[in-house]
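Undergrad: Okay, here's the structure, questions in a sec.
Residue numbers (our numbering), protein chains in the order written: chain A, 36 to 764; chain B, 7 to 186.
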C-alpha cells in the first residue's frame, strides 16, 4: 500500500503483533447491517413530498434514503427525510382514540375504542347538521392524507374546508403571480434554478428552508458560479454565498423592488423585446417608477443606492436566466399581494417567465378525477363562512382558515361555525392570536383532532383520533405539475403501530356512520388506487415497485418551442393589473411604510431550520440531536446595549404583553439591530410532547397581531414587536 | 495491489449546513443517540454588515500520518485498504490515547466501551457505493474517491479548485479536502 508511510507502517506492524494477544480479527469493522428490504414511498416530513426508499428488517424501518428514480429527490434527501424514523418511533405518539371526560369538575382524556370515538363524532355531526346545518362544520386540513376527509366533509354538505398553507403562507404569492401572468406557481415552484445565471432571494432563505430539489438546484447554480443576490435583514446561509447581500430594513421590500424596476428601465436593462411582445401597461409602469430612484429607496430601506444599482445590473446581465425568487411564506405585512405583484413584475422585466433558467411552464400527469362526493351525499348550498359578513375580499383561491376560527364567534360571518375537525395542523402554532383560537374553541359543539402527535391543538379536542404516520399508510396518488410529469405513490412501509389508523380508514368509517358509505366503494385502498391508476393509464404495479411513474416531458420554455400565452383579462402579462384596478386596489405596486413599534422594541421575524418543519418535527428526537431548541437572534451591538451575553436566558414579550421563553439569546453579527429572529415551531407547552415541551420559544405566542391583506384576506405576521428580559436563575 | 488513497472532498461553496450528512451517517451506521461521526461547522467572520461565511461538513481526516494509529497501545486503531483509518472494536480498551492524539476531535467513546469514528463507510465502499453522507447530500457538497487515480473526481477537484486541509501544521497529511 502506497499510503503506508513511516507512522502508518508502524501502526500496521503493531497491529500485527497485538493480534496475537487479542485474537485474530480478519474484518474488524462489521457492516452495520442497516440495509433491508426497500419499500419506495414519498415523504411527509415536509410538504415537498420527495421520493424515499425505506429500508425494512423484520417490520422495523432501519433507515430512509432518497429514491433515485424520483424527480424530487433524485436519490438525495434532506435531514428531515432521513429523520422520518424519529417520527415513526416517537414514544409520545398518539396511540389510541381518546374522549374528553369530566369527573368532579376535572377534565381528562380517556382511552376509548375506535367504534366509540367514531360513533360519538357521527352522532354529534348528525345532530349538528339537523340543528345548524352541515355547513356549520369546518375542516382544517394540512397534508396529503387529508384528501379522504375532505370528500367526507363536502359530502356531508359543508363548503368549509381549508388549510393554513393559503392565508397564513402562500396566498398572496399565488394571487400576485396570477394577476400578473395569469397563473400562480403552486408547489413545487416551477423555478429553473439549475440553469439560472442569477438568483435573487427576497423573502426566501433557501438552504435553511430545505425544500430538497430546490436546494439541489440552488447548489448547482452556486457551483456553476451563478450570481446570488440576497435581500434579508439577516445574514442567511444563502447570503453567505451571495455576490450582493442587501440587509434591508424589515417591511420595506416594495421600495427596493420599485427602485430595481427604476434602474432596469432607466438604464434600459430590461428585456425590451419580451415586454413589447408579451406585456401590457409598460408605459404606466415607467411613469409609476420614474421617481422611485435608488436614492429614494435608500431613505426607506437603508440600502446604499450604489448597491441597489449594482445588484440591478447583476440581475439584468443574466437575463432571461435570472430569477427573482417568489418565496413561499409571503404573509408578512398585510400588503403582501402588492409586494408579490412587484416581484412578478420584476421577473417580467427580466423576461424570465417561460424561459430557460427562469420560471418554466409546468406539465403534469392526468389522473382520473375522484369526485364521488359530488354524486354522494348532500348538496353544498352556502358559500364558505371564512370571512366577516361585510368583508370584501376580491381575490380568492382557497378558504381563509383564520376566518373559520373567527366565524366560530357568533354573528361574525354569514353563519356560525359550530364544529371543527382539525387534521394534521397545530392551529395553536400556525394561526395568529393564540388566545383567540383558544376562545373560539370554547364556542364549539364538537372539536375533533386527528394527528400523529399530541400537539397543543389536540389538547383542546373533545375527541382525539390517532393517525398512523406516512410510513404506515396509503394516501391518494400524487401527480403535481413539475418540469417533468410524474405520479408518486405513498404506500405503507410497515404496519401501523399501536392502535393508530390511516386516514383513509378513519374517513371511510366515519362516512359509513354518517350514511355516506357510498363515498368509499372499496374495502382496501389498493383497490381504489389500482382502479384510479388503471383509469389514468398508469401501471399500479410499476408504482408499487418503483414508487414513481414518469410521464413524457413537455416543452417548458420558449427555448424549447413554447408559445407563451397568459390567462389574464388582456391575454398579456399585466404589469398594470386591470383586476386590481377593478377591485379598487393599487393596479401598480406601491410602497407603504411598515408599522412602527414601541421605542426600544425589536421587530419579531421568524424562519426555518433545515432540520425542522414548523412545530411538526420539534418533538423528533433524531432531529432534536441537531437542533433541540431555538434561540432569539440579537445583533451584537444591540445585545451589548442591553447587557445581554451569549447564551443568556430571556423571556421575550410583545407589545400586547404576550410572552414566550425563557429561551437562549444568540448574540450575532448576522442580523440588523432593529429586529430579532427565531426559528418557528419551538416553545411547545403541551406536556405530552415530552421532548419538545419547554424547549426554546414560540414566535406564534408573540404573534398576537396580524395585518390583513386587502386583496387576499391573508394574515401578515411580521407586524409584532418584542422586548427581551433576562431571567436570572 | 494497485495503490489506492481514499479521500473526501468537501465543497464549502455548495454546502448549506443542512446536516443531512450527519443524520444519514447516524442511521446508516446505527450511531447511538447523543453521538455523531460527522458534524457541521459554520464560521462567520466580520462585523455587521460586512460578513463572510464558510460552512464545512467535517469528520475523521483519515490522515496518511495518523497520530491516532501511532498512539494506540493495543493496535485497535489501524490502517485498512485505501488508507482508511479504522478502529477494531474488539481490540479497543477505550483508553482514549487516540482521542488525545487526534488533532481533529473526530472520535468518541461508544457506550459499549470502544472508541468509534467515521469509517468512510468502508462497508459500502467495498460494495462500490459512496459513503452514506456523500450519497444523501442534497447539495452535492461531498465527493469521495481515490486520490491516487488522477482521473477520479476527487483528484480532478483538488487539482482544479483551490482547496485546503484542516491543521496542515500537524503534519498528519489529512485526506479530507475543503474546496473554498
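Beta carbons are placed, not taken as given, at the ideal position from N, Cα and C, and that holds for glycine.
Can you find the residues in the same chain that come closer than 6 Å, C-beta to C-beta, to residue 141 (chain B), ignoring five residues on each side of it along the sequence?
TA: So the list is empty, once near-sequence residues are dropped.
Undergrad: According to DSSP, simplified to helix, strand and coil, what is residue 47 (chain A)?
TA: Residue confidence for residue 47 (chain A) is low, a pLDDT of 42 falling below 50, so the modelled location carries little weight; the figure read from the coordinates is stated next. Here residue 47 (chain A) sits in helix by DSSP.
Undergrad: How is the beta strand (DSSP E) around residue 35 (chain B) delimited, first residue to last?
TA: It is not in any beta strand (DSSP E) - residue 35 (chain B) carries neither H nor E in the DSSP assignment.
Undergrad: Decide yes or no for the touch test of the region 226-238 of chain A against the region 483-503 of chain A: beta carbon pairs closer than 8 Å, at least 3 of them.
TA: Judged by Cβ distances under 8 Å, the region 226-238 of chain A makes no contact with the region 483-503 of chain A, as fewer than three pairs qualify.
Undergrad: Would you say residue 180 (chain B) reaches chain A, if we count a Cβ-Cβ gap shorter than 8 Å as a contact?
TA: Not one chain A Cβ lies under 8 Å of residue 180 (chain B).
Undergrad: In the DSSP assignment, find the unbroken alpha helix (DSSP H) run with residue 140 (chain B) in it and report its ends.
TA: 138-142 is the extent of the alpha helix (DSSP H) around residue 140 (chain B).
Undergrad: DSSP beta-bridge partners for residue 761 (chain A)?
TA: Paired residue(s): A:685.
Undergrad: Taking 7 Å as the limit between beta carbons, can you name the residues of its chain near residue 179 (chain B), skipping five residues before and five after?
TA: If we look at residue 179 (chain B) and ignore the five residues flanking it on each side, its Cβ neighbours are 69, 70 and 71.
Undergrad: So residue 117 (chain A) and residue 36 (chain B) are supposed to be a Cβ contact under 8 Å. How far apart are they, rounded?
TA: Going by Cβ atoms, the distance from residue 117 (chain A) to residue 36 (chain B) rounds to 13 Å, so no, they are not a contact pair.
Undergrad: Buried or exposed: which applies to residue 390 (chain A), given that a residue is buried once 16 or more other Cβ atoms fall within 10 Å of its Cβ?
TA: Classification of residue 390 (chain A): buried, given that the 10 Å Cβ count is 16 or more.
Undergrad: Does the beta carbon of residue 107 (chain B) sit closer than 8 Å to a beta carbon anywhere in chain A?
TA: No, residue 107 (chain B) lies away from the interface with chain A (no Cβ there is under 8 Å from its Cβ).
Undergrad: Tell me where the beta strand (DSSP E) around residue 98 (chain A) begins and ends.
TA: Where residue 98 (chain A) is concerned, the enclosing beta strand (DSSP E) stretches over 95-101.
Undergrad: For residue 557 (chain A), count the other beta carbons within 10 Å of its own beta carbon; 16 or more makes it buried, fewer makes it exposed. Which is it?
TA: Counting Cβ neighbours within 10 Å, residue 557 (chain A) comes out exposed, since fewer than 16 surround it.
Undergrad: If contact means a Cβ-Cβ distance below 9 Å, which residues of the region 240-257 of chain A contact chain B?
TA: From the region 240-257 of chain A, only 241, 242, 243, 245, 247, 248, 250, 251, 253, 254, 255 and 257 have a Cβ closer than 9 Å to chain B.
Undergrad: Rounded to whole angstroms, what is the Cα-Cα separation between residue 753 (chain A) and residue 711 (chain A)?
TA: Between residue 753 (chain A) and residue 711 (chain A), the C-alpha separation is close to 11 Å.
Undergrad: Is residue 57 (chain A) close to chain B? Criterion is C-beta to C-beta, closer than 8 Å.
TA: Because residue 57 (chain A) sits at a pLDDT of 45, beneath the cut-off of 50, its placement in the model cannot be relied upon, and the point is left open.
Undergrad: Quick one: which chain B residues come within Cβ less than 9 Å of residue 645 (chain A)?
TA: Near residue 645 (chain A) (Cβ distances below 9 Å), the residues of chain B are 22, 23, 24, 25 and 26.
Undergrad: Based on Cα-Cα distance, which residue from A:214, A:71, A:231 and A:77 lies nearest to residue 606 (chain A)?
TA: Nearest option by C-alpha distance: A:214.
Undergrad: Mapping the DSSP letters down to three states, classify residue 40 (chain A) as helix, strand or coil.
TA: A caution first: residue 40 (chain A) carries a pLDDT of 35, below 50, which makes its placement in the model too unreliable to give a value.
Undergrad: Kindly indicate which three-state DSSP category residue 447 (chain A) falls into: helix, strand or coil?
TA: Residue state, collapsed to three classes: coil.
Undergrad: Measuring straight from C-alpha to C-alpha, what distance separates residue 659 (chain A) and residue 717 (chain A)?
TA: Approximately 11 Å, taken between the alpha carbons.
Undergrad: Anything in the region 655-683 of chain A with a Cβ closer than 9 Å to a Cβ of chain B? List those residues in chain order, please.
TA: Under the 9 Å Cβ criterion, the region 655-683 of chain A contributes 656, 657, 658, 660, 661, 662, 670, 671 and 672.
Undergrad: Should residue 713 (chain A) be labelled buried (16 or more other beta-carbon atoms within 10 Å of its own) or exposed?
TA: When all chains shown are included, residue 713 (chain A) counts as buried.
Undergrad: Just verifying my parser: in three-state terms, what is the DSSP assignment at residue 7 (chain B)?
TA: Reliability fails at residue 7 (chain B), whose pLDDT of 44 lies under 50, so the model's placement of it is uncertain and the value that follows must be treated cautiously. Residue 7 (chain B): coil per DSSP, three-state reduction.
Undergrad: Give a yes or no on whether the minimum CB-CB distance between residue 54 (chain B) and chain A is below 8 Å.
TA: Chain A, which has a Cβ nearer than 8 Å to the Cβ of residue 54 (chain B), makes this yes.
Undergrad: Let me know if residue 39 (chain B) comes out buried or exposed under the rule of 16 or more other beta-carbons within 10 Å of its beta-carbon.
TA: Burial call: exposed.
Undergrad: Comparing the C-beta of residue 69 (chain A) with each C-beta of chain B, is any distance below 8 Å?
TA: So, interface residue.
Undergrad: Mapping DSSP to helix, strand and coil, what is residue 95 (chain B)?
TA: Of the three classes helix, strand and coil, the one that applies to residue 95 (chain B) here is coil, per DSSP.
Undergrad: Tell whether a beta-carbon distance below 8 Å holds between residue 108 (chain A) and residue 195 (chain A).
TA: Going by C-beta atoms, residue 108 (chain A) is not nearer than 8 Å to residue 195 (chain A).
Undergrad: Applying a beta-carbon distance threshold of less than 9 Å, which residues of chain A neighbour residue 35 (chain B)?
TA: In chain order: 67 and 69.
Undergrad: What residue range is occupied by the uninterrupted alpha helix (DSSP H) comprising residue 128 (chain B)?
TA: Start and end: 128-131.
Undergrad: Do the region 248-257 of chain A and the region 137-153 of chain B touch if we need at least three Cβ pairs shorter than 8 Å?
TA: Yes, the region 248-257 of chain A is in contact with the region 137-153 of chain B.
Undergrad: Return yes when the Cβ of residue 102 (chain A) is within less than 8 Å of the Cβ of residue 90 (chain A), no when it is not.
TA: No. Outside cutoff.
Undergrad: Going along chain A in order, which residues have a C-beta closer than 7 Å to the C-beta of residue 65 (chain B)?
TA: Those do not exist, as residue 65 (chain B) stays about 15 Å from chain A at its closest Cβ, beyond 7 Å.
Undergrad: Of all the residues that make up the region 271-291 of chain A, which are near chain B by a beta-carbon distance shorter than 8 Å?
TA: Under the 8 Å Cβ criterion, the region 271-291 of chain A contributes 272, 273, 274, 275, 276, 280 and 282.
Undergrad: Return the CA-CA distance between residue 647 (chain A) and residue 399 (chain A), expressed in angstroms with no decimal places.
TA: Their Cα atoms are separated by approximately 29 Å.
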